[in-house]
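Written below as structure tokens is the structure these notes are about.
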Amino acid sequence: MYEQIYEDLKRRINEGKYPIGTKIPPEHALIAEYNVSRITIQKAVNQLAVEGLVKRRSGQGTTVIHQEELPASNTLLGLVMSGLSESYGDDLLRSICSTCEASGYSLVIKFANEDQRHEEEAVRALLAIPVRGILISPIQRSFYDQALVKEILTGFPVTVLDKEITGIDSLFVGTNHYQAAAEVAKRISDAGHHSIGLINYAEIMNFSLDARNRAFKDIYAHTNFPLKADAIPFIIRTAYLQRNNHAAVTEDIDRIKVFIRRNHPTCLIGIDNYITTLIYEAVTQLGLQVPQDICLFGFDSNHSTPPSLRYDTLVQNEQMIGKDAVTLLLRAINHEPIDKRAIRYPAQFVDNGTLIPTNQMRTDRLFSL
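Mapping of the sequence shown onto the UniProt record's numbering: position 40 corresponds to residue 40, and the numbering continues sequentially without gaps.
Written out as structure tokens, the structure reads:
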């Protein structure tokens, strides 16, 4: 991940955001902005120093000493990402960068950090450069930046990644979230799990999350055990970027524990990786074992999770999504014919042993809560 941070800091230096003779933000500020470890920030800044762009002085900060000339704006593309999480985004960004480079384009990267205002500012900044086109992975929300929608409607080249913009005929490359979730729901239903809990955010909803919920409802509607409203609780009030707010996270975990005690689900599903980690903690605090006492599935994988804590999940094809997103954008920029405006990839199921048939489980501990 340090390579992406290095590229972003390098771009800021070359654009003049950090002029020669000034200091880049201190380590603690960069750690907070990029939401990574101190070691990752140090590696990124060290790479800048190796290239002669900055000079590090112990106790005095890091000073900009050189700027490279930016390429002409007619070879610039913009990328806006909500952020990089442990479960999604790193491979996608790597693929986008390599495809741009192979195509003779340079990339200007902006991170919104799940903040609507930051996303809107990023889009405006890219348009002001100007870039030839924009790739965007929107933040988690149910509505979108009107300035971005206006650009799409007026024909400016924009490719949307991962989260489709409902009602707008934009170029899109991502995962077929409905199909993937439907396959998982059928797998869980076929294993005998009639009482489940699909844990959702209280206030965050977008096309991808909605598709996952709809798929579960539709699959279970064709069984003898259609899902009741309380099988899909919207109770999680924190998100990935608030994971260090221990008091709020504890409240979310407690809400999951209350749900388990009231409903006794044999299988819990996290709508994304972050919620799945909260579920795992709640289950552990209740003294339940996965999958013997309760089964677990989580959308989006976490590559850095220790093997003992991994769960059955879906992996998105980030490499192909990134490559096709750039290819589609360049076709739009060059006014070439586009046969498919939306490209959706299947996700790959990864079996880590946390989903088993109900007849192989012990239910006495779960129902004694």
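Beta carbons: idealized from backbone N, C-alpha and C, even for Gly.
Requested in this report: Check whether the segment 36-49 touches the segment 2-11, counting contact only when three or more Cβ pairs, one atom from each stretch, lie closer than 8 Å.
Outcome: yes
**Report entry** Within 9 Å, strictly: CB atoms of residue 106 and residue 126
**Finding:** By one-based count along the sequence shown, residue 106 stands at place 106. By one-based count along the sequence shown, residue 126 stands at place 126. Against a cut-off of 9 Å, the Cβ pair of residue 126 and residue 106 comes out as no contact.
**Report entry** Buried versus exposed call for residue 206 [16 or more other C-beta atoms within 10 Å across all chains shown]
**Finding:** Walking along the sequence shown from the start, residue 206 turns up at place 206. By the 10 Å Cβ count, residue 206 comes out buried.
Query raised in the report: By a C-beta neighbour count over all protein chains shown, 10 Å radius and 16 as the cutoff for buried, is residue 299 buried or exposed?
Result: Position 299 of the sequence shown, counting from 1, holds the residue named residue 299. Buried: at least 16 other Cβ atoms inside 10 Å.
Query raised in the report: Is the segment 267-277 close to the segment 228-246, with three or more CB pairs under 8 Å?
Result: yes
Query raised in the report: Taking DSSP as the reference, what is the three-state secondary structure of residue 347?
Result: Working through the sequence shown from its first residue, we reach residue 347 at position 347. Note: residue 347 maps to coil in three-state DSSP.
Query raised in the report: Taking just the CA atoms, how far does residue 193 sit from residue 223?
Result: Sequence index remark: in the sequence shown, residue 223 carries index 223 (1-based). Sequence index remark: in the sequence shown, residue 193 carries index 193 (1-based). Approximately 11 Å, taken between the alpha carbons.
Query raised in the report: In whole angstroms, what separates the C-alpha of residue 284 from that of residue 340?
Result: Translated into the one-based positions of the sequence shown, residue 284 becomes position 284. Translated into the one-based positions of the sequence shown, residue 340 becomes position 340. For residue 284 and residue 340, the distance between alpha carbons rounds to 46 Å.
Report task. Quick one: give me the first and last residue of the beta strand (DSSP E) that residue 199 is part of. Result -> Sequence index remark: in the sequence shown, residue 199 carries index 199 (1-based). Where residue 199 is concerned, the enclosing beta strand (DSSP E) stretches over 196-201.
Query raised in the report: For residue 211, is the classification buried or exposed, using 16 other Cβ atoms within 10 angstroms of its Cβ as the cut-off for buried?
Result: Position 211 of the sequence shown holds residue 211. Buried, since its Cβ has 16 or more Cβ neighbours within 10 Å.
Query raised in the report: Quick one: complete alpha helix (DSSP H) runs, 4+ long, within the segment 111-183?
Result: 116-128, 146-153
**Report entry** Cα-Cα separation, residue 61 to residue 68
**Finding:** To locate residue 61, count along the sequence shown from 1; it is residue 61. To locate residue 68, count along the sequence shown from 1; it is residue 68. When rounded, the distance between both Cα atoms is 21 Å.
Query raised in the report: Under a three-way DSSP split, which group does residue 106 fall into?
Result: Here the question's residue 106 lines up with position 106 in the sequence shown. Correct three-state label for residue 106: strand.
Query raised in the report: Can you give the Cα-Cα distance for residue 99 and residue 326, rounded to whole angstroms?
Result: To locate residue 99, count along the sequence shown from 1; it is residue 99. To locate residue 326, count along the sequence shown from 1; it is residue 326. Roughly 7 Å between the two C-alpha positions.
Query raised in the report: In the structure shown, what three-state DSSP assignment does residue 342 receive?
Result: Residue numbering aside, residue 342 sits at position 342 when the sequence shown is read from its first letter. Strand.
Query raised in the report: Bridge partners of residue 299, per DSSP?
Result: Numbered from its first residue, the sequence shown carries residue 299 at position 299. Per DSSP, none; premise fails for residue 299.
Report task. Might you give, ordered along the chain, the residues of its own chain that have their beta carbon closer than 7 Å to the beta carbon of residue 152, omitting 5 neighbours on each side? Result -> Residue numbering aside, residue 152 sits at position 152 when the sequence shown is read from its first letter. If we look at residue 152 and ignore the five residues flanking it on each side, its Cβ neighbours are 158, 168, 170.
Query raised in the report: At what residue ranges does the UniProt domain "HTH gntR-type" (1-67) contain a whole run of the alpha helix (DSSP H), taking only runs of 4 or more?
Result: 2-15, 27-34, 38-50
Requested in this report: Compute the beta-carbon to beta-carbon distance between residue 134 and residue 149, rounded to the nearest angstrom, for a pair I have assumed lies under 8 Å.
Outcome: On the sequence shown, residue 134 is found 134 positions in, with the first residue counted as 1. On the sequence shown, residue 149 is found 149 positions in, with the first residue counted as 1. The Cβ separation is near 12 Å, so there is no contact.
Report task. Could you say which of 215, 335, 248, 353 lies nearest to residue 307 if we only look at CA atoms? Result -> Counting from one through the sequence shown, the residue named residue 307 turns up at place 307. Checking every option, the nearest Cα to that of residue 307 belongs to 353.
Query raised in the report: Under a three-way DSSP split, which group does residue 327 fall into?
Result: Residue numbering aside, residue 327 sits at position 327 when the sequence shown is read from its first letter. In this structure, residue 327 counts as helix in the three-state DSSP scheme.
Query raised in the report: How far does the alpha helix (DSSP H) with residue 249 in it reach, from first residue to last?
Result: Walking along the sequence shown from the start, residue 249 turns up at place 249. 246-263 is the extent of the alpha helix (DSSP H) around residue 249.
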